[in-house]
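Colleague:
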Amino acid sequence: MEINYKEQLYLTRFGGVGSAIVASIMLVCYSIYKLFDLNIFIIISAFLLIPLCVFIWRLMFHGLTIIAMNLTEEKNKSFQMAISILFPILISFYFISKTPEITFKGMTMGLLDIWIILPIGIIILVSWVFGEQVNKKYWFRSFIGSSLVLFFVCLYGYWGFYSIEDELSESSVTFQDKEEAAYAAKMGLYMLRYLVFVAVSYLALLVRMKSDSILLENRQKRLREILKNRD
282 MEINYKEQLY LTRFGGVGSA IVASIMLVCY SIYKLFDLNI FIIISAFLLI PLCVFIWRLM
342 FHGLTIIAMN LTEEKNKSFQ MAISILFPIL ISFYFISKTP EITFKGMTMG LLDIWIILPI
402 GIIILVSWVF GEQVNKKYWF RSFIGSSLVL FFVCLYGYWG FYSIEDELSE SSVTFQDKEE
462 AAYAAKMGLY MLRYLVFVAV SYLALLVRMK SDSILLENRQ KRLREILKNR D
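Using this note's numbering, you'd call the opening residue of the sequence shown number 282 and step up by one each time.
1. Using the three-state DSSP reduction, which class does S378 fall into: helix, strand or coil?
2. Are the beta-carbon atoms belonging to Y443 and A465 less than 9 Å from one another?
3. Count Cβ pairs between the region 471 to 483 and the region 385 to 393 that sit closer than 8 Å; are there 3 or more?
4. Rounded to whole angstroms, what's the CA-CA distance from I347 to V407? Just pull it up for me.
5. How is T353 classed by DSSP in three states: helix, strand or coil?
6. For K359, count the other beta carbons within 10 Å of its own beta carbon; 16 or more makes it buried, fewer makes it exposed. Which is it?
7. Pick helix, strand or coil for N320, following the three-state DSSP scheme.
8. Determine the extent of the alpha helix (DSSP H) in which D493 is found, giving its start and end residues.
9. Check I383 in the structure and name its three-state DSSP category.
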């Protein structure tokens, strides 16, 4: 799919204006909370974090696309590689923000478990399927999108949430284990795990992109041979 420059510019401005408006409302709500001690305003501020994150993501995502569109081919490739690598590394530091002491045991815990094969297999499968939709010119968009999705997946476990099946209602029920969340924060469990998941996803996307390119080249080569034989 061709990416339109004007559309990206509009979406970047939309993300910037939206971020400014939501941040201003949050600041007003927080000020009222501090002045009058009204808890409802701090709750409103907390709920506004979600749209604020969405607007900031749009600002960054489309803004980076505009930068890439204005670069030469050689610089564009280096820029996309740098963004794809730096983005997951930077946000992964959240998982050790509350870790008093980083240890090898804490970082690698669970990675050597045989059950780690299951989520890795799912990540490979999903990344391979969605790899067909990767924009070949601005591929970093799909890569940082993948890393963001995996960040929220890991965040679910980092905060101690888990789901079980309720046999009575025949639906899943979500709980939070605060002790598990505190332990994950203390040990820094999810940083390396998250980066491994991102690396696996990136590898699957790269292989899919490469295989699709080879298939396309072979089809074009056969078509040229067919046309040449007809002549």
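Heads up, the beta-carbon is just placed ideally off N, CA and C, and yes, glycines get one too.
Just so it is clear, the structure is predicted and the values come from calculations on it, not from any experiment.
Modeller: Let me spell this out:
1. Counting from 1 along the sequence shown, the entry for residue 378 is found at position 97. Three-state DSSP puts S378 in coil, outside helix and strand.
2. Translated into positions along the sequence shown, residue 443 becomes position 162. Translated into positions along the sequence shown, residue 465 becomes position 184. Not a contact, by the Cβ cut-off of 9 Å.
3. yes
4. Walking along the sequence shown from the start, residue 347 turns up at place 66. Walking along the sequence shown from the start, residue 407 turns up at place 126. Roughly 27 Å between the two C-alpha positions.
5. On the sequence shown, position 72 is the one that residue 353 refers to. Three-state result, T353: coil.
6. Here residue 359 refers to the residue found at position 78 of the sequence shown. A quick correction: the sequence has Ser, not Lys, at residue 359. That one is exposed.
7. Translated into the one-based positions of the sequence shown, residue 320 becomes position 39. N320 falls in the helix class under three-state DSSP.
8. Along the sequence shown, read from residue 1 onward, the residue named residue 493 stands at position 212. From DSSP, the alpha helix (DSSP H) with D493 extends over Y471 to R511.
9. What you label residue 383 is simply residue 102 of the sequence shown in a count that begins at 1. It is coil, neither helix nor strand.
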